[in-house]
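*Asks:*
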DNA sequence: CCTAGGTCCTCTAGCCACTAGAGGTTCAAG
DNA sequence: CTTGAACCTCTAGTGGCTAGAGGACCTAGG
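Residue numbers (the UniProt record's numbering), protein chains in the order written: chain A, 1 to 141; chain B, 1 to 141.
#1: Any Cβ of chain A within less than 8 Å of the Cβ of residue 27 (chain B)?
#2: Would you please verify whether the beta carbon of residue 75 (chain B) is less than 8 Å from any beta carbon of chain A?
#3: Pick helix, strand or coil for residue 10 (chain A), following the three-state DSSP scheme.
#4: Grouping DSSP H, G and I as helix and E and B as strand, with all else coil, what is residue 4 (chain B)?
#5: Within the continuous alpha helix (DSSP H) that includes residue 111 (chain A), where are the two ends?
#6: Residues bridged to residue 33 (chain B) by DSSP?
#7: Alpha carbons only, please: which of B:6, B:93 and B:2 is nearest the one belonging to residue 44 (chain B)?
#8: I'd like to check one pair, residue 46 (chain A) with residue 10 (chain A): are the Cβ atoms closer than 8 Å?
#9: Between residue 118 (chain B) and residue 79 (chain A), how many whole angstroms is the CB-CB distance? I'm expecting something under 8 Å.
#10: Would you check whether the ligand ADP has a heavy atom nearer than 7 Å to the C-beta of residue 19 (chain B)?
#11: Expressed to the nearest angstrom, what Euclidean distance is found between the alpha-carbon atoms of residue 77 (chain A) and residue 25 (chain B)?
#12: Would you check if the distance between the CB atom of residue 58 (chain B) and the CB atom of residue 106 (chain A) is smaller than 8 Å?
#13: With a cut-off of 8 Å, does the C-beta of residue 67 (chain B) fall near any C-beta of chain A?
#14: Under 7 Å, CB to CB, which of the residues in the UniProt domain "HTH merR-type" (1-71) of chain B have a partner in chain A?
#15: Where does the unbroken alpha helix (DSSP H) through residue 77 (chain A) begin, and where does it stop?
#16: So residue 87 (chain A) and residue 111 (chain B) are in contact, right, with Cβ under 8 Å, and what is the actual spacing, rounded?
#17: Going by C-alpha to C-alpha distance, which of A:5, A:19, A:21 and A:115 sits closest to residue 34 (chain A)?
#18: Per the DSSP calculation, residue 118 (chain B) is bridged to which residue(s)?
#19: Using a threshold of 8 Å, state whether the C-beta atoms of residue 141 (chain A) and residue 96 (chain B) are closer than that.
#20: Can you tell me which of A:81, A:22, A:7 and A:116 puts its alpha carbon nearest to the alpha carbon of residue 40 (chain A)?
#21: Contact criterion: CB-CB distance below 8 Å. Does residue 113 (chain B) meet it with respect to chain A?
#22: How about residue 94 (chain A) and residue 104 (chain B): are their beta carbons less than 8 Å apart?
#23: Considering Cα atoms alone, identify which of A:38, A:54 and A:31 is closest to residue 130 (chain B).
#24: Is it buried or exposed for residue 98 (chain B), if we count other Cβ within 10 angstroms and need 16 for buried?
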């Protein structure tokens with residue numbers, strides 16, 4: 001009926017170390033232990049961890065996941081909060097896409113214009129050295 | 001002719017702490033110091049730091065920037081390496097855009113289908129809890 | 001010459017979400 | 001009872017900074 005952390009890891013494709021980490025930061029409740037202090041999980045742990053995993057795949061931060069989990073635990077509440085969290089994440093994703101598209105454009109230009117001769121005439125290096133560009137945000141990822 | 005770290009910071013829009021960090025990791029050469037051990041930069045530092053800043057804006061990692069800088073310092077070399085670095089970065093950006101587009105799709109669906117009633121019927125929560133999806137990579141950013 | 005205060009110095013610790021490894025214990029199969 | 005895979009805790013490292021403590025320096029005004 002209950003199973004080990006390794007089995008939970010296999011069933012959710014979440015690494016053992018990560019599961020322990022999630023417990024440590026309070027995303028997963030601490031399960032009961034055997035006499036020898038090994039964790040034993042019930043079935044519910046699989047769905048909770050799958051929820052967390054899917055949320056992380058969608059890029060939700062741990063704090064957001066905490067909020068989403070506590071909503072899931074109280075099904076009678078309004079889901080406005082869940083909606084707001086998802087919409088905020090969507091907005092983030094869209095703005096990341098926009099800035100990555102801008103990056104792509106600049107990188108494409110650099111690469112296309114490079115005649116691939118000596119560094120002295122290299123457009124890649126030249127573009128990077130060019131000081132005449134606005135002070136945008138640093139790219140993440 | 002030479003100026004302080006604060007002045008360099010103002011001229012490049014790179015924070016003082018970051019400049020010191022770049023020196024520490026060997027991206028910027030250690031400049032001469034005053035008798036009281038304060039850094040004094042020459043004009044060249046501005047363009048080198050601007051190069052670094054622009055590279056970071058384009059998302060190049062520090063190791064890649066190190067390589068690009070050493071190419072810039074040897075203008076007679078072939079620029080094939082610079083080209084390869086830029087192309088690798090472009091490929092990264094394109095794959096990030098693709099996966100963010102997939103995320104956007106899923107988030108949009110979640111948000112659109114949410115009738116915004118109680119959590120019990122919330123599509124956002126339901127989607128996250130759904131275990132029937134592939135084991136994709138975790139989203140970064 | 002003296003002082004005020006803005007700027008500079010080094011060093012350490014924190015951010016995020018893990019991940020890796022050391023060094024030791026427990027469990028289940030044979 | 002033995003073996004060895006899996007488990008335990010704890011610490012430290014990743015990348016690229018950023019913040020803050022606690023103190024030294026530098027320059028302009030009086």
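For each residue, glycine too, the CB sits at the ideal point set by N, CA and C.
From a predicted model like this one, the values you see are computed outputs, not experimental measurements.
*Replies:* This is what the structure holds:
#1: Cβ-Cβ to chain A under 8 Å: no for residue 27 (chain B).
#2: With 8 Å as the cut-off, residue 75 (chain B) counts as an interface residue toward chain A.
#3: Helix, per DSSP.
#4: In the three-state reduction of the DSSP assignment, residue 4 (chain B) falls in the coil class, being assigned neither a helical nor a strand state.
#5: 80-113 is the span of the alpha helix (DSSP H), which, as asked, contains residue 111 (chain A).
#6: DSSP lists B:39 as partners of residue 33 (chain B).
#7: Nearest of B:6, B:93 and B:2 to residue 44 (chain B), Cα basis: B:2.
#8: No.
#9: Rounded, the Cβ-Cβ distance is 6 Å, consistent with contact.
#10: The ligand ADP is not part of the structure shown, which contains no ligands of any sort.
#11: A direct Cα-Cα distance of roughly 51 Å separates residue 77 (chain A) from residue 25 (chain B).
#12: Yes. Within cutoff.
#13: No Cβ of chain A is located within less than 8 Å of the beta carbon of residue 67 (chain B).
#14: Cβ contacts with chain A: 13, 47, 50, 51, 54, 55, 56, 57, 58, 59, 68 and 71.
#15: Unbroken run through residue 77 (chain A): none, as it is neither H nor E.
#16: Contact between residue 87 (chain A) and residue 111 (chain B) holds: their C-beta atoms lie close to 6 Å from each other, under 8 Å.
#17: Distances from the CA of residue 34 (chain A) to each of A:5, A:19, A:21 and A:115 were compared; the closest alpha carbon is that of A:5.
#18: Note: residue 118 (chain B) sits in a beta bridge opposite A:78.
#19: Cβ distance < 8 Å, so residue 141 (chain A) and residue 96 (chain B) count as in contact.
#20: For the residues A:81, A:22, A:7 and A:116, the minimum Cα distance to residue 40 (chain A) belongs to A:7.
#21: Under the Cβ criterion of 8 Å, residue 113 (chain B) is not counted among the residues facing chain A.
#22: Closer than 8 Å, so yes.
#23: Relative to residue 130 (chain B), the option among A:38, A:54 and A:31 whose CA is nearest is A:54.
#24: Exposed: under 16 other Cβ atoms inside 10 Å.
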